[in-house]
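Visitor: To start, I am sharing the structure in question, which I have written as structure tokens.
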Amino acid sequence: MHRGLVYHHEHEERVVPLRSVAVKALVQGFVADVVASMIYHNKEAFPVEPSYFFPLNDNSAVHAFCARVGDREIVAAVKEKSEAVEEYDDAIAKGHMAAQLSQQCGDVFHCVLGNLGAGEEAEVTLEFVSELDVGPDGAVRFCLPTVLNPRYSPQGSMITWEYLAPSQNVPYTLSFTLTAENPGGILDVSSPSDLLGPVAFTEPGKTSAQVSLEGDFRFDHDIEVLISYEQKHQPFALVEPGLPVAEVSFLADTVAMLNFFPGDMEQTAVPTSEHGEFIFIIDCSGSMRGQPIASAKETLILLIKSLPMGCLFNIYRFGTRYISLFGESTPYNQQTIEAALAHVKRADADMGGTNILEPLADIYRQPCKPEHPRKLFLLTDEMVMNTEGVIQKVKNHSMDHRCFAFGIGQGVSTQLIKEVARVGNGLSEFVTSSDQLQAKVLRMLKCAMQPLLGNPQLEWSLPPGVTVTVVPTLPRSIFMGQKMIVYAQFTGTPPAAPWQGEALLKYSLCGKPAENRIVFTCEPDDRKDQLVLHRLMAKALTRHPRAAGGPSDDARQSAVALSIEAGIVSPYTAFVAVDNSPRPPIADPMQARPVPLPYPRSAMVYHATRDFMPVDFSHHRHGPWMDFLDKSLWYNARVTSPDADCDSASCSQTSSSTSEPSSMTSRQASPGSELCLKRRKSCMPRISSLSLEKRYRTGSQEMSPTSPSWCSITRPACTQMDQLVYLQQADGSWKSLEQLAAVVQMPLENLQSEAPKGMASEVWATVLALVWLQSEAAEQKLKWDLLARKASLWLSQQGIDKSVAVEAANRVLGSTVKSSDI
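No gaps in the numbering here: position 122 of the sequence shown is 122 in UniProt numbering, and each next residue is one more.
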């Protein structure tokens, strides 16, 4: 038996040559420059070929790669991918040490070190730059992916990555240090995922800060660091002069990164229009088991409650197959949201693999209603391999479908989430906790309900002789308050530095003209070895032709040439390094040693079948919302499976309601079931009749969601805010003063005695609910803001004196809320 670092593969033990990983990150403003070093030690008696898959953010550009063995260092160069592979193979065949780094897909890279001799230790170093996201609170988010989720692929595809179960410790260590620099000052550096050491401010005015990871790191999650700056949401430009080379080239030109923040989402009221079609697409594959599916269900309830009366909505759950709540999107009212809550209650991570294309295809087959613009909300942990097919499908329907995408959990593919949102004219977010998911999804819903900033145009004021190339192209419309990044390459004959320019982003808001202006200066730069912005722009230029459905030959050749000039890996190029030092070639046969990949506890191991197999999960099936919902509501739903047959007789039986809840399996339905599994080709869509007279039974007592004892079945984990939100009606009101008294834990008589004279019970209950939210749950306003606005609209239609009502509510609740706040 081997001693030391081993893992099992095909019933045998293998030595793991990777010993440690060290990462140093430099964050400057909204970009990061990262150096990662990996140490391999071959303890075997023969040469090995250690290989290592690692994830990076989709907007990262790898620009340096080298390997050091003893006093020998081999530095890699970027070459066309097939040429790099051939050079690597030739070197290995001749017994030379060689290294190669390539991009396997949009956010997964592969590092391989060939002919690492017996007993030798090698240090492999790579450097990459990344564009950083900005959160709703203005904090800059740095994320270092350390886990790589298995990906679902259609039947017949091969997946060869090696994984360690989450119960196993990864047999290598990680050290991590981050330095942040910002001329305007740094407020704080923190991490929601890990324990950091004390923040060390190393410059006057807190313009530089440094933190390090403390303790042993477990490779079951990504490292996330939040950097808060003094100035937030201000448009600005970063400018990087080109290299002083004689020939005309991309690296010789000045490049700028423009960061726009059009509009002001916080000061602009969300419209209360009843128009809009909202379709929620929820991943219920096996990999969502545990906390991800619980968080998704709780978030979906908040989304349902926050929709405006009169809009259209539908819910899709998908895995290997998919289920839709309604045959087509349905008007939002009290009856349909009760059916929706039942649908959410029944949901679980039990639907196999992750086939996103099928539910998307069903949605796109249904005609859009011009008076209800269609918006899709996709929540997934995205363990799929056919990423390009999903992106292309969304792009093909982007003229009349806007798509918002959310990556849930660790190791999510940034390529799919970001590209689906980009080509679908929507927004993307990545979340790793329940609170993050609810806040970010509701913030995105608010964006979707905001008026769009239409007809964006970028105008330039530049010195004579200077022209500009912009990437990416501006979208047809942009969202209020959202950061928008544009890269600009300045060519021609600019004057000697310093020189000044101006970029003016013009757009229309509710029919009125508006603008965002950035003035920037190109100054001499003595740091000639740092080309962060050039590399990020090169990454954008080589990425977008691929996302558009495959580049032409000319576009591919241009991308290869730019990738080689900028020194970055692209889908068409790779790094390759060969040790040509005069040492004897290695004659012994080389053994492959793939380094096993860590993945999060919520992930699944993919086998050579359609579905995932569970490994060592924490089964958190029910969150606080689910306990509050109690027993399942009965409902009819449409289910499809590519492997299920359906005949007309069984389909006809689904239109009648039964007195017992339906049962569902992944492949078939029992005769007479309310759920009909059918082939899409052989069975036309059917809208099942919904039984909306629903009741709940506890012993001999019959309960409905509006019964007085409904709140008493909850457990302490279901907060007062959760209960209050759930009791709100579709029109925004609260109907039962008795239920409200139970939630806020006050005697019903006290609430009744303070009611303004002549005020209807449901009006008084609604005022009390809004005042309570403002006073007792203010820190969670992002979660209830939309449904509170809906309640305020309903109150404004009741013809009451709001100031009198709020004053009375303050007396009974002991609060000091202003009437203008509701």
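For glycine and all other residues, C-beta sits at the position ideal for the given N, C-alpha and C.
No experiment lies behind these values; they were computed from the predicted model shown.
#1: Buried or exposed for Q450, going by 16 or more other Cβ atoms inside 10 Å?
#2: Going by DSSP, which residues form a beta bridge with E127?
#3: Using the DSSP secondary-structure output, state which residues sit across from Q311 in a beta bridge.
#4: Which residue marks the beginning of the alpha helix (DSSP H) containing V239, and which one marks its end?
#5: Which residue comes first and which comes last in the alpha helix (DSSP H) that contains W764?
#6: Mapping the DSSP letters down to three states, classify residue 886 as helix, strand or coil.
#7: Here's a check: name, in chain order, each residue in its chain whose Cβ is nearer than 6 Å to the Cβ of M288, leaving out the five neighbours to either side.
#8: Can you grab the Cα-Cα spacing for the pair L18 / Q500, in whole Å?
#9: In whole angstroms, give me the CA-to-CA distance for A777 and H63.
#10: Look at the alpha carbon of V812 and the alpha carbon of A805, and state the distance between them as a whole number of angstroms.
#11: Which value, in whole angstroms, describes the spacing of the CA atoms of Q100 and Y229?
#12: Let me make sure I understand the geometry here. Which of I800, A294, E120 has the alpha-carbon closest to that of K345?
#13: With distances taken Cα to Cα, identify the nearest neighbour of E515 among L126, V470, F261.
#14: Please report the Cβ distance between V578 and H96, rounded to the nearest whole angstrom; I am assuming they are in contact, meaning their Cβ atoms lie under 8 Å.
#15: Assuming I518 and F236 are in contact, meaning their beta carbons sit under 8 Å apart, how far apart are those beta carbons, in whole angstroms?
#16: Around the Cβ of D553, are there at least 16 other Cβ atoms within 10 angstroms (buried) or fewer (exposed)?
#17: Looking at C111 and F54, is the spacing between their C-beta atoms short of 8 Å?
#18: Taking all protein chains shown into account, do 16 or more other C-beta atoms lie within 10 angstroms of the C-beta of Q728, making it buried, or fewer, making it exposed?
#19: Enumerate in chain order the residues of its own chain whose CB-to-CB distance from S775 is below 6 Å, with the five nearest sequence positions on each side excluded.
#20: Compare the Cα-Cα distances from R476 to each of L445, N425, V468 and report the closest residue.
#21: Tell me, to the nearest whole angstrom, how far the beta carbon of V420 is from that of I391; I am working on the premise that it is less than 8 Å.
#22: Closest to L56 by C-alpha separation, out of T336, G29, K94, I223, would be which residue?
#23: For the beta strand (DSSP E) containing D283, list its first residue and its last residue.
#24: Cβ atoms of A342 and I315: under 8 Å apart, would you say?
#25: How big is the Cα-Cα spacing for F65 and M38?
#26: Alpha carbon to alpha carbon, how far is D90 from S570?
#27: Smallest Cα separation from T414: which of N396, E388, M399?
#28: Once you ignore the five residues that flank F128 on each side, which residues in its own chain have a CB closer than 7 Å to its CB?
#29: Which runs of the alpha helix (DSSP H) spanning at least 4 residues fall entirely within the segment 323-402, listed in chain order?
#30: What separation, rounded to the nearest whole angstrom, lies between the Cα atoms of D194 and V211?
#31: State the CB to CB distance for the pair Q773 and L737, rounded to an integer number of angstroms; the pair is presumed to be in contact (CB under 8 Å).
#32: Do F219 and S208 have their C-beta atoms closer together than 8 Å?
#33: Use the C-beta contact count for P359: other C-beta atoms within 10 angstroms, 16 or more gives buried, fewer gives exposed.
#34: According to the neighbour-count rule (16 or more other Cβ atoms, all chains shown, within 10 Å of its Cβ), is D801 buried or exposed?
#35: What are the start and end residues of the beta strand (DSSP E) that includes Q103?
#36: With respect to the beta strand (DSSP E) encompassing P456, which residues constitute its N-terminal and C-terminal limits?
Guide: Taking the geometry as given:
#1: buried
#2: V35, A64
#3: Per the sequence shown, the amino acid found at residue 311 is Cys instead of Gln. Answer is none; C311 lacks a bridge partner.
#4: No alpha helix (DSSP H) holds V239; the beta strand (DSSP E) holding it covers 236-240.
#5: 761-776
#6: Residue 886 lies beyond the range of the chain shown here (1 to 822); nothing can be said about it.
#7: A349, D381
#8: 49 Å
#9: 47 Å
#10: 11 Å
#11: 38 Å
#12: A294
#13: F261
#14: 6 Å
#15: 7 Å
#16: exposed
#17: yes
#18: buried
#19: S815, V817
#20: N425
#21: 6 Å
#22: I223
#23: 277-283
#24: no
#25: 11 Å
#26: 22 Å
#27: E388
#28: V34, L56, S60, A61, V62, H63
#29: 334-346, 357-365, 387-396
#30: 12 Å
#31: Reading off the sequence shown, one finds Leu at residue 773, where the question assumed Gln. That pair is no contact at about 16 Å.
#32: no
#33: buried
#34: exposed
#35: 98-105
#36: 453-461
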